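Visitor:
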Amino acid sequence: MDVGKAVAAYLERMLREVQGMKILLLDEHTTPTVSAAYTQSALLEQEVYLTDKLAHAQRERMPHLVSVVFVRPDASSIRALCEELQQPRYRAYWLCTWTLLTADFSHAVAKDHIEQLAEADQHQAVQAVQEFFADYVPVTSSHFSLHYAVPPHALWGATTSMWDADALEVHTRALTSVLLSLKKKPVVRYEGMSELAKTLANHVVHQMDTALAPLFDFRRTDVPPLLLVLDRRNDPVTPLLTQWTYQAMVHELLGIDNGRTTMHTEQGPQEIVLSVDHDPFFAANLYDNFGDLGASIKEYVVQFQARSASNATIETVQDMKRFVEAYPEFQRLRGNVSKHVALLGELSSLVDERRLLSVSELEQSLATRESHASDLKVR
């Protein structure tokens with residue numbers, strides 16, 4: 014079960030079905046999904062000439078090109094799409110969306126959207142409307158994000174035991190989308206003490222058994238997968254503890270947003286990309302603790318130095334040919350080594366600056382000991 018490959022397969026399918034040079038139009042919801050699952054070079058391989066926002070009103074008319082539109086079918090995107098179809102900038106459109114749930118979690122709204130688009134398409138530019146279930150942002154093969162920040166969005170309703178209606182719809186749609194993209198119909202279990210977990214679990218079950226039952230008609234397995242819904246509030250200890258693994262430290266100390274983080278260098282802020290799909294060192298050391306990380310990066314530097322030494326000896330035509338062929342990979346390796354060395358240096362500086370070793374010792378003591386008398390002394 015790889016959520017990154019599932020989303021990438023959807024994108025490859027929607028782009029491959031449209032032959033020739035094309036433009037990919039996205040909205041604010043699908044942009045992070047595409048950015049996390051597909052690289053710019055992969056888009057170029059699919060003959061995507063340009064990627065742009067559907068809401069960008071100043072886009073140039075290119076009637077010789079076709080457009081693939083991948084958006085969430087909410088009110089703003091449907092309105093922007095109708096305006097686009099009334100005055101089309103491209104020769105033809107392939108519309109790719111995911112189903113939007115209504116307040117009662119039915120799918121009748123899809124018919125209304127189709128009717129609106131049909132009325133707006135006076136030039137008969139729409140060639141196809143397809144549905145893809147990719148309403149989430151893949152982070153790693155086994156980790157995804159809803160890209161739903163709290164705040165500014167609300168999570169609770171009138172009380173902390175009630176969902177905000179929009180938040181419940183987003184979480185239900187995202188979980189349903191993940192299950193459909195992985196082609197899994199799991200057994201659903203939830204935390205009995207949490208009304209939030211119970212409500213979310215019931216809505217996901219309703220989608221699988223009633224609203225989207227035909228789509229969940231997958232081949233049964235001997236051991237069905239399990240969807241376990243937990244309430245984060247019932248674990249007050251873990252959020253108090255400083256994280257010491259590579260990815261978690263970068264996210265907690267620097268922040269990772271859509272696979273990108275920002276380091277502060279002498280030249281100013283520098284944005285770097287951390288991708289498990291295209292960075293083998295990051296993928297191999299994702300969950301290494303801080304102590305082991307230094308040794309891993311040292312070994313990485315030694316490997317780079319060995320490659321540098323081998324490239325320094327150029328005496329024959331064959332040596333030159335070998336150097337030219339290996340140069341692009343050598344440059345990528347050098348950039349990756351420099352990136353991780355700088356990142357480790359930044360993390361080390363923050364650990365010292367914030368005295369996180371001492372703080373973590375105190376956190377561990379508070380979390381694991383019943384008596385906290387020794388923790389109350391002035392440090």
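So in the working numbering, spot 52 of the sequence shown is number 65, and the numbers just go up one at a time.
Virtual Cβ for every residue (Gly too), placed ideally from N, Cα, C.
Quick caveat, the model's predicted, so the values are computed rather than measured.
(1) Using only the alpha-carbon positions, how far apart do Leu193 and Glu97 sit?
(2) Nearest by alpha-carbon distance to Ala68: which of Leu94, Ala49 and Arg85 is it?
(3) Would you report the Cα separation of Ser155 and Leu370, rounded to the nearest angstrom?
(4) Round the Cβ separation of Ala180 and Leu168 to the nearest angstrom and send it over; I've been treating them as touching at under 8 Å.
(5) Between the Cα of Pro252 and the Cα atoms of Leu379, Ser387, Ala70 and Val364, which residue gives the shortest distance?
(6) Taking DSSP's pairing of strands, which residues face Pro151 in a bridge?
(7) Go through the region 251-314 residue by residue and report every complete run of the beta strand (DSSP E) that reaches 3 residues or more, in order.
(8) Is the beta carbon of Val47 sitting closer than 8 Å to the one on Phe83?
(9) Quick check on DSSP: helix, strand or coil for Ser80?
(10) May I have the straight-line CA-CA distance separating Met221 from Thr258, to the nearest angstrom?
(11) If you scan the region 156-211 from start to end, which runs of the alpha helix (DSSP H) of 4 or more residues do you find wholly inside it?
(12) Excluding the 5 residues flanking Ala116 on each side, which residues of the same chain have their C-beta closer than 8 Å to its C-beta?
(13) Taking the CB atoms as reference points, tell me whether Leu240 and Val217 lie closer together than 8 Å.
(14) By DSSP, does Ser378 sit in helix, in strand, or in coil?
(15) Between which two residues does the beta strand (DSSP E) harbouring Glu144 extend?
(16) Please classify Gly272 as buried or exposed, where buried requires at least 16 other C-beta atoms within 10 Å of its C-beta.
(17) Going by DSSP in three states, Met75 sits in which element: helix, strand or coil?
(18) Where do the ends of the beta strand (DSSP E) carrying Thr223 lie?
(19) By the three-class DSSP mapping on this structure, what secondary structure does Tyr459 have?
(20) Run the CB neighbour count on Ala171, radius 10 Å, all protein chains shown included, and call it buried at 16 or more, exposed below.
(21) Work out the CA separation of Gln256 and Gly17 for me, nearest whole Å.
(22) Please work out which residues of its chain come closer than 6 Å, Cβ to Cβ, to Arg104, disregarding the five sequence neighbours upstream and downstream, and give them in chain order.
(23) Between Val163, Pro164 and Tyr149, which lies nearest to Phe157 when the distance is taken from Cα to Cα?
(24) Return the CA-CA distance between Ile91 and Tyr161, expressed in angstroms with no decimal places.
(25) Under a three-way DSSP split, which group does Ala68 fall into?
(26) Measuring only the C-alpha atoms, how far is Ser174 from Leu254?
(27) Are the CB atoms of Glu376 and Leu267 within a distance shorter than 8 Å?
(28) Starting from Val16, trace the alpha helix (DSSP H) both ways and give me its first and last residue.
(29) To which residues does DSSP link Ile127 through a beta bridge?
(30) Determine the DSSP secondary structure at Thr46, reduced to helix, strand or coil.
(31) Where does Val242 sit, in a helix, a strand or coil, going by DSSP?
(32) In its own chain, which residues sit with a C-beta less than 6 Å from the C-beta of Thr52, not counting the 5 before and 5 after it?
(33) Using 8 Å as the threshold, is the region 34-44 in touch with the region 195-213, meaning 3 or more CB pairs across them?
(34) Keeping to the same chain, check which residues put their C-beta closer than 7 Å to that of Asn298; ignore five residues upstream and five downstream.
Guide: The relevant details are as follows:
(1) In the sequence shown, the residue the question calls residue 193 occupies position 180. In the sequence shown, the residue the question calls residue 97 occupies position 84. Their backbone Cα atoms lie some 30 Å apart in a straight line.
(2) On the sequence shown, residue 68 is found 55 positions in, with the first residue counted as 1. Comparing Cα-Cα distances from Ala68 to each of Leu94, Ala49 and Arg85, the minimum goes to Leu94.
(3) Reading the sequence shown from its first residue, position 142 is the one you call residue 155. Reading the sequence shown from its first residue, position 357 is the one you call residue 370. Each residue's alpha carbon lies about 29 Å from the other.
(4) Translated into positions along the sequence shown, residue 180 becomes position 167. Translated into positions along the sequence shown, residue 168 becomes position 155. Right, the Cβ-Cβ distance comes to about 5 Å (below 8 Å), so this counts as a contact.
(5) What you label residue 252 is simply residue 239 of the sequence shown in a count that begins at 1. Checking every option, the nearest Cα to that of Pro252 belongs to Leu379.
(6) Walking along the sequence shown from the start, residue 151 turns up at place 138. Partner(s): Phe157.
(7) 273-278 and 281-286
(8) As a first step, residue 47 is located in the sequence shown; it is residue number 34 there, counting from the start. As a first step, residue 83 is located in the sequence shown; it is residue number 70 there, counting from the start. A contact, by the Cβ cut-off of 8 Å.
(9) Your numbering for residue 80 matches position 67 in the sequence shown. Strand.
(10) For this step, residue 221 is matched to residue 208 along the sequence shown. For this step, residue 258 is matched to residue 245 along the sequence shown. The straight-line gap from Cα to Cα measures roughly 36 Å.
(11) 178-195
(12) On the sequence shown, residue 116 is found 103 positions in, with the first residue counted as 1. Any reading at Ala116 must be qualified, since the residue scores a pLDDT of 40, below 50, and its modelled position is unreliable; the value itself is stated next. Taken in chain order, the residues that qualify are Ala178 and Glu182.
(13) Translated into positions along the sequence shown, residue 240 becomes position 227. Translated into positions along the sequence shown, residue 217 becomes position 204. Yes, they are a contact pair.
(14) By 1-based counting over the sequence shown, the position of residue 378 is 365. It is helical.
(15) Position 131 of the sequence shown, counted from the start, is the residue given in the question as residue 144. Counting along the chain, the beta strand (DSSP E) containing Glu144 begins and ends at Val139 to Glu144.
(16) On the sequence shown, residue 272 is found 259 positions in, with the first residue counted as 1. Buried: at least 16 other Cβ atoms inside 10 Å.
(17) Against the sequence shown, residue 75 aligns to sequence position 62. Reduced to three states, the DSSP call for Met75 is strand.
(18) As a first step, residue 223 must be located in the sequence shown, where it is residue number 210. Taken as a continuous stretch (DSSP letters only), Thr223 belongs to no beta strand (DSSP E), as it is neither H nor E.
(19) Within the shown structure, residues of the chain are numbered from 14 to 392, placing residue 459 beyond reach of any answer.
(20) For the purposes of this step, residue 171 is identified with residue 158 of the sequence shown, where counting begins at 1. Exposed.
(21) Counted from its first residue, the sequence shown places residue 17 at position 4. Counted from its first residue, the sequence shown places residue 256 at position 243. Cα to Cα, the separation comes out at about 24 Å.
(22) Mapped onto the sequence shown, residue 104 falls at position 91. Here the set comprises Pro76 and Val79.
(23) Locating residue 157 in the sequence shown gives position 144, where the first residue counts as 1. That would be Tyr149, whose Cα lies nearest to the Cα of Phe157.
(24) On the sequence shown, position 78 is the one that residue 91 refers to. On the sequence shown, position 148 is the one that residue 161 refers to. Taking the straight line from one Cα to the other gives about 21 Å.
(25) Here residue 68 refers to the residue found at position 55 of the sequence shown. If DSSP states are grouped into helix, strand and coil, Ala68 belongs with coil.
(26) Taking the first residue of the sequence shown as position 1, residue 174 is located at position 161. Taking the first residue of the sequence shown as position 1, residue 254 is located at position 241. Their Cα atoms are separated by approximately 26 Å.
(27) Position 254 of the sequence shown, counted from the start, is the residue given in the question as residue 267. Position 363 of the sequence shown, counted from the start, is the residue given in the question as residue 376. No, the pair does not count as a contact, with Cβ atoms beyond the cut-off.
(28) Here residue 16 corresponds to residue number 3 of the sequence shown, with the count starting at 1. From DSSP, the alpha helix (DSSP H) with Val16 extends over Val16 to Arg29.
(29) Residue mapping note: residue 127 aligns to position 114 of the sequence shown, counting from 1. Answer is none; Ile127 lacks a bridge partner.
(30) Your numbering for residue 46 matches position 33 in the sequence shown. Here Thr46 sits in helix by DSSP.
(31) Walking along the sequence shown from the start, residue 242 turns up at place 229. Looking at Val242 - three-state DSSP - the assignment turns out to be strand.
(32) As a working note, residue 52 is residue 39 in the sequence shown. So the list is empty, once near-sequence residues are dropped.
(33) no
(34) Looking up residue 298 in the sequence shown gives position 285. Hits under 7 Å: Tyr259, Leu306 and Ser309.
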